[in-house]
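Everything on this sheet refers to the single structure shown next.
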Amino acid sequence: MGVINTLVAVIPMLGILIVVHELGHFLVAKACGVRVLKFSIGFGAPIGIGRLRLRWERGGTEYVIGWIPLGGFVRILGEPMSGDEEFMPPVPEDVRSDEFLESKPVWQRLLVVFAGPAMNLLLPVVCFVGILWFGFPRADAVVGMVEAKSPAAIAGLRVGDRILAIDGEAAEFWDDVVVPIREREAG
Numbered sequence: 035m036g037v038i039n040t041l042v043a044v045i046p047m048l049g050i051l052i053v054v055h056e057l058g059h060f061l062v063a064k065a066c067g068v069r070v071l072k073f074s075i076g077f078g079a080p081i082g083i084g085r086l087r088l089r090w091e092r093g094g095t096e097y098v099i100g101w102i103p104l105g106g107f108v109r110i111l112g113e114p115m116s117g118d119e120e121f122m123p124p125v126p127e128d129v130r131s132d133e134f135l136e137s138k139p140v141w142q143r144l145l146v147v148f149a150g151p152a153m154n155l156l157l158p159v160v161c162f163v164g165i166l167w168f169g170f171p172r173a174d175a176v177v178g179m180v181e182a183k184s185p186a187a188i189a190g191l192r193v194g195d196r197i198l199a200i201d202g203e204a205a206e207f208w209d210d211v212v213v214p215i216r217e218r219e220a221g
């Protein structure tokens with residue numbers, strides 16, 4: 035059961051990293067005027083049955099969400115297919131020559147290439163700033179459970195009691211209760 039729980043936690047996290055990474059390549063390519071032929075999250079056939087699939091086209095880009103959530107890719111105009119460097123995907127008829135990645139200056143090509151890893155480096159910074167900005171929930175200093183014959187039960191604590199102070203120090207949150215007790219046990 036531990037392996038399943040781990041997979042249930044890891045796969046969505048991996049999915050977020052993949053989306054952010056591929057979105058970096060995609061957004062910078064679009065900003066540089068490079069045609070993006072396909073933006074895919076997941077591998078394999080698009081999720082769905084028959085004609086009802088998670089696949090659509092907009093602005094000359096095909097968007098796909100595949101069955102296997104362990105990767106993704108952005109197919110940029112002028113890039114060879116992965117695994118077969120000699121095969122180039124068909125070029126749409128309405129393409130202008132300035133929409134190819136190769137037509138862009140070196141600095142723009144480098145931006146497109148490094149945008150994915152840069153987004154992966156930026157993601158934890160954004161998460162950290164979000165935690166600092168919005169904070170995270172803290173439990174109130176209210177007793178939620180009392181084990182029979184425990185020191186809390188012997189002291190007369192009951193479920194729902196609010197702890198106001200520990201050793202004369204105000205206790206607003208559960209951390210304010212637990213930390214002094216652990217320090218006393220350790221010391």
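Under the working numbering, read the sequence shown as residues 35 to 221, first letter to last.
Ideal Cβ positions, reconstructed from N, Cα and C, are used throughout, including at glycine.
Counting only residues of its own chain and dropping the five nearest sequence neighbours on each side, I102 has a CB closer than 6 angstroms to the CB of G76, F77, G78.
Taken through DSSP and simplified to helix, strand or coil, L191 comes out as coil. Within the model, the alpha-carbon separation for V53 versus V163 is close to 20 angstroms. Judged by beta-carbon spacing, A149 lies within the 9 angstroms limit of G58, meaning their Cβ atoms are closer than that value.
When DSSP states are grouped into helix, strand and coil, P80 belongs to the strand group. By the CB criterion at 9 angstroms, V129 and L111 fall inside the cutoff. In this structure, DSSP gives K72 an extended state, which the three-state scheme calls strand. Shown here for K138: same chain residues with a beta carbon closer than 7 angstroms to its own, the five before and five after excluded, namely C66, V68 in chain order.
Taking A175 as reference, the option from A220, M153, V193, F73 with the minimal CA-CA separation is V193. By alpha-carbon distance to G82, the top candidate from E127, A205, R172, I99 is I99. Restricting attention to L86, K183, V146, the CA atom closest to the CA of F60 is found in V146.
Comparing alpha carbon positions, the residue from G169, F107, G178, W167 closest to V70 is F107. Per DSSP, reduced to three states, the secondary structure at L104 is strand.
In the three-state reduction of the DSSP assignment, F134 falls in the coil class.
In this chain, the alpha helix (DSSP H) harbouring E217 covers 208-220.
Taking F73 as reference, the option from I45, A173, H55 with the minimal CA-CA separation is H55.
Non-local C-beta neighbours of E136 in its own chain, meaning closer than 7 angstroms and more than five positions away in sequence, comprise G112, ordered along the chain.
Apart from sequence neighbours up to five positions away, no residue of its chain approaches G169 with a beta-carbon distance below 6 angstroms. Closest in C-alpha terms to A199, from the list A187, V212, G190, comes V212.
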